[in-house]
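Using mature numbering (1 follows the signal peptide of the UniProt record, and there is no 0), the letters of the sequence shown correspond one by one to residues -25 to -1, 1 to 990. Even glycine gets a Cβ: it sits at the ideal position worked out from N, Cα and C. Remember, it's a predicted structure, so these values are computed and weren't measured experimentally.
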Amino acid sequence: MGFLRFLLLPLLGFMALLLPCCCIAGNGVSPQLNDDILGLIVFKSDLHDPSSSLASWNEDDESPCSWRFVKCNPVSGRVSEVSIDGLGLAGRIGRGLEKLQHLKVLSLSNNNFTSNLSPELVLPASLERVNFSRNGLSGRIPSSVIAMSSVRFLDFSDNLFSGPLSDEMFINCSSLHFVSFASNLLEGPVPKTLLTRCLYLNTLNLSTNRFSGSLDFAPGIWSLTRLRTLDLSNNALSGYFPQGISAIHNLKELKLQSNQFSGPLPSDLGLCPHLGSLDVSRNRLAGPLPESMRLLTSLTFLDIGFNTFSGEFPQWIGNMTSLEYVDFYSNGFTGSLPLEMGGLRSVKFMSFSNNKLSGNIPKSLMDCSKLSVIKLGGNSFNGGLPEGLFELGLEEIDFSHNELTGSIPSGSSRLYESLTRLDLSRNNLKGNFPAEMGLYKNLRYLNLSLNNLQAKIPPEMGFFQNLSVLDLRSSAVYGEIPGDLCDSGSLGILQLDGNSLSGPIPDQIGNCLSLYLLSLSHNNLSGSIPKSISKLSKLEILRLESNELSGEIPQELGVLQNLLAVNISYNRLTGRLPVGGIFPSLDQSALQGNLGICSPLLKGPCKMNVPKPLVLDPNAYPTQMGPQSSRNKPSEYSKPSHHVFFSVSAVVAISAATLIAIGVLVITLLNVSARRRSLAFVDNALESMCSSSSKSGTVAAGKLILFDSSSRGSPNWVSNHEELLNKASEIGGGVFGTVYKVSLGGDGGGGRVVAIKKLVKSNMIQNLEDFDREIRILGKVKHPNLISLKGYYWTTQTQLLVMEYAPNGSLQTQLHGRLPSTPPLSWENRFKIVLGTAKGLAHLHHSFRPPIVHYNLKPSNILLDDNFNPKICDYGLARLLTKLDKHVVNNRFQSALGYVAPELACQSIRVNEKCDVHGFGVMILEIVTGRRPVEYGEDNVVILTDHVRYLLERGNVLECIDASMGEYLEDEVVPILKLALVCTSQIPSSRPSMAEVVQILQVIQAPVPQRIEAF
């Protein structure tokens, strides 16, 4: 088909000259009509039609008007509309369409069109409606592709278009009514001509792109007086809102969320009488809400969450009777909710969480009969819970983190059917659980923690059919744990810590087959640990510390391969640890305070028929460690005595460790120095070799391989690569070589920007076939969090890798080398980097056999794109080494001081993907604390992993958080730090897989009402 198109295009003009003669002698078909037929046939030749949807398009027909998906003008008989939406067509949009000179509607949406729009493509000037949405089109949008003078509707949304939009594209846009470029990768400023010349626009949608800069509001966007919908959401736009928005009288939807707008809202905002939807959430807006907003009586959707609005809570909110959705989450409003809140008769979703509101919750809220979700958490509301609210058909209730008192209302039959989430945690509620609580058949999340219930857990708790989270921590609950608590089989998180529960852990706990977090610590539980816990194959976290549990730990627990964290300290346990799973690698803090657990990490006696360790001072340990004292005062047993004596093994271990540490430090410094000299020598040698060869004219011919056509640029660089790299700006380097920023399109500035890594020659594969094979394997690795490899250039003297370019540099620079004018990474971006890096590593480890191991994970190998999404680079480059022996590992990978997994220095341990998990754990600590993994002071050396573990064990871990990142969520930060310490376990088999790490991070990152203390 491509060959047919190649032949047909040059013949179109020639055939047009011949057609009049043919028509006279033949059937009388006009030459213009044959233009339509030939144009559509040439267009079809560029397509892949898997379902033969265009089978009726036959070049032998006299007219195309009977073809499917084609319409003609009934008067002229010329093609006026081509609508081939949702047919699964693939290929490219070719130039055959240029012949359809009377075409008014061209709709190609919801297909699989790919590649770029050719700059040579010029669609017919007669077009009025163009729809290319929901395809895979990429590259820049040529300004000449569409003549805007007649176009009324333009939709390029949901593609992969990138680069800026040209101002020239909208110079003549007087007819344009609808334009959407939503959900692409467009960047740069919003074209001024779009805001000043398209005066008849009623819909403008630029959402979910990468547009940046300050909008030219005056006399720009506010001059588009006919606008009804303005959607600029999910970009990086900034600036203040000036007055004048009231000029847009017909405005119905204003969506500006997830940008960087600042300052107050315009005071005349309320003078847009038809405004029905207003979303300015997730910006940096401040100040009080304009008083004129009380006039927005048509408003149905209002979201101003995640800003810094302040002042008295607007008392007029209850008069906005049309509101269906209202969200003020995470601002600084003060005062109380007005009594008129019951006037919101249409409201379905209401959130005023995380403000500074106080007073009683108005009883008038029960008049909001359509209310489905109510969230008032994170304020200072007091008084009791309005019983009337619990008679509505609510699906979610969140009154957490307040000062509420009284008891929990029993609810109504409507609530039993509808309620899915109930969060009353961190209040001062008292009294028994309502007897009707077991009737909540759809309840999935129940959090009553940190209250003063002073009640027993009722047996009805086992009636929940769909409950997945039950959190009763520190709620003054007593009595025994009901045996039928897990009868539903859906419980995933059970947290009963910090209560006065007594009796044994029921053997029926083994029925909780969905459990991945079981936390029963700081109670008065007694008896043995049930063997049935070994049935919980999904269990990841087990906390039983500070109870009165006795006996030996069941060896069956060693089969729990998903366990990531266990704490059994301060009980009465004895005997050996299970030999499997995480138990052999548990540290002292997870085991201490028991009567006699056998572990080399513990100094106390081992309660088994085994030889006791040699102790020079038998009185160095307490002889009686009652459960109450050990539970309530664990720090007494961790304080060192004033007269401490060490065992012989401890003295030998300490001496050996000191000598090893000094030796490693000296060797590392020597290796760093030698490496710098060797890399400098290699680069100088390559440059001198290339320059001397160029002068003599004996340079070996290079081989350029690009894996996709979109990467192709000027062919001149193939023979002038040294000159190109000398011109290019050097942007970094590592153990594998130097990285340059290069435009493949030449010096004109319009080319595609890529990164080129010039590999060091030492230890690299020197055979082209082997090099090509390994690079092609890496070229097939595709993931949003991995730098993609575009191709390579090879000679015997020089090897270059062509890679994706990341504009925001490396994580190393963002953490330790940013300019004072550059804002520090926010917690939101840091979490994004942690999760994205985990996903990228998981892809390398679990999507390939054998797994691709990075070996050198550290912040300098984590690059950041425009939106601070992480992209791992240098993965798999170890495959290019001639051999991965101990010498190479030591000299190349152990330069990452503090990141290197301990097994990389030991030939007797098989090196696998768990060394990446170790490096990832250290990287988490560096991201959260802002500190380097190893820091040298005048008198000491601080190892970051040891420092964080020390603070965590003493309850002061928040002291190590990087203060420069501003606000953060403790419920996310602390579990992430604990996960990092699990990842840096000294024993590789004790570290989780990266797939498990991703799962844990996604649990930690649950939506705000669902965020729980996962550890």
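**Study point:** Any chain D beta carbon closer than 7 Å to G71
**Key:** The structure shown contains no chain D, having only a single protein chain.
Practice item. For S137, collect the residues of the same chain with a Cβ closer than 8 Å to its Cβ; drop the 5 residues on either side in sequence, then sort them by chain order. Key: S113, G114, R115, N159, L160, L161, E162
Review point. Between the segment 943 to 959 and the segment 452 to 472, do at least 3 Cβ pairs fall closer than 8 Å?
Key: Not touching, per the Cβ criterion.
Exercise for review: Give the range of the beta strand (DSSP E) segment to which Q235 is assigned.
Suggested key: 235 to 238
Exercise for review: Kindly indicate which three-state DSSP category D133 falls into: helix, strand or coil?
Suggested key: coil
Review point. Comparing alpha-carbon positions, which option in R70, P99, G71 lies nearest H77?
Key: P99
Exercise for review: Could you round the C-beta distance between G293 and L319 to whole angstroms and report it? I think they count as a contact, below 8 Å.
Suggested key: 6 Å
Review point. Can you check whether the CB of L312 is closer than 7 Å to the CB of S339?
Key: no
Review point. Helix, strand or coil for M898 per DSSP?
Key: helix
Point to revise | Whole runs of the alpha helix (DSSP H) within the segment 720 to 802, excluding any shorter than 4 residues | key: Residue ranges of uninterrupted alpha helix (DSSP H) with 4 or more members, entirely inside the segment 720 to 802 and ordered along the chain, are 743 to 754, 786 to 791.
Review point. Are there 16 or more other CB atoms within 10 angstroms of the CB of residue 1012, so buried, or fewer, so exposed?
Key: Only positions -25 to 990 of the chain appear in this structure, which leaves residue 1012 out of reach.
Exercise for review: State the Cα-Cα distance for the pair I504 and L418, rounded to the nearest angstrom.
Suggested key: I504 and L418: Cα-Cα distance of roughly 30 Å.
Exercise for review: Just the C-alpha distance for E901 and R907, rounded to the nearest angstrom, thanks.
Suggested key: One C-alpha to the other measures close to 6 Å.
Review point. How many angstroms separate the CA atom of Q218 from the CA atom of R109?
Key: Cα-Cα distance, rounded: 36 Å.
Practice item. Please confirm whether G214 and S189 have their CB atoms less than 7 Å apart. Key: yes
Exercise for review: Compute the beta-carbon to beta-carbon distance between E143 and S118, rounded to the nearest angstrom, for a pair I have assumed lies under 8 Å.
Suggested key: 4 Å
Practice item. Decide if A938 is buried, meaning its Cβ has at least 16 other Cβ atoms within 10 Å, or exposed. Key: exposed
Practice item. Taking only the alpha-carbon atoms, compute the straight-line gap between V444 and N422 and give it to the nearest angstrom. Key: 8 Å
Check your understanding: What number of angstroms, rounded off, separates the C-alpha of N306 from the C-alpha of N209?
Key -> 20 Å
Check your understanding: So does the segment 742 to 749 actually touch the segment 833 to 848, counting three or more Cβ pairs closer than 8 Å?
Key -> Contact between the segment 742 to 749 and the segment 833 to 848 is absent: fewer than three C-beta pairs spanning the two stretches fall below 8 Å.
Check your understanding: In whole angstroms, what is the alpha-carbon distance linking V714 and G905?
Key -> 25 Å
Review point. Between K74 and D10, is the Cβ-Cβ spacing less than 7 Å?
Key: yes
Practice item. Tell me, please, which residues DSSP counts as bridged to V54. Key: C47
Check your understanding: From G52 to F131, what does the alpha carbon distance come to, in whole angstroms?
Key -> 29 Å
Point to revise | Sequence-distant residues of the same chain with beta carbon closer than 8 Å to N85, five excluded per side | key: D60, G61, S108, R109, N110
Check your understanding: Nearest to residue 1001 by alpha carbon, out of V717, K765, K757?
Key -> Any question about residue 1001 goes unanswered here, given that the chain covers just -25 to 990.
Check your understanding: When burial is assigned at 16 or more other CB atoms within 10 Å of the CB, is P248 buried or exposed?
Key -> An exposed status is given to P248, since fewer than 16 other beta-carbon atoms sit within 10 Å of its beta-carbon.
Check your understanding: What are the boundary residues of the alpha helix (DSSP H) that K953 is part of?
Key -> 945 to 958
Check your understanding: When you compare each of I951, L493, N441, H376 to L976 by their alpha carbons, which one comes out closest?
Key -> I951
Check your understanding: In terms of alpha-carbon separation, which member of V957, L260, R201, G66 lies closest to S233?
Key -> L260
**Study point:** Assumed close pair L244, P265 - CB separation to whole angstroms, cut-off 8 Å
**Key:** 5 Å
Point to revise | Entirely enclosed beta strand (DSSP E) segments - the segment 371 to 439, minimum 3 residues | key: 371 to 373, 396 to 398, 420 to 422
Point to revise | DSSP-derived helix/strand/coil call for E299 | key: The three-state reading of DSSP puts E299 in coil, since its state is none of H, G, I, E or B.
Point to revise | Exposure label - N134; buried when at least 16 CB within 10 Å | key: Buried.
Review point. If you draw a straight line from the C-alpha of S101 to the C-alpha of S82, how long is it?
Key: Near 14 Å, if we compare the C-alpha coordinates of S82 and S101.
Practice item. Count the other CB atoms, across all protein chains shown, that sit within 10 Å of the CB of N522; report buried if there are 16 or more and exposed otherwise. Key: buried
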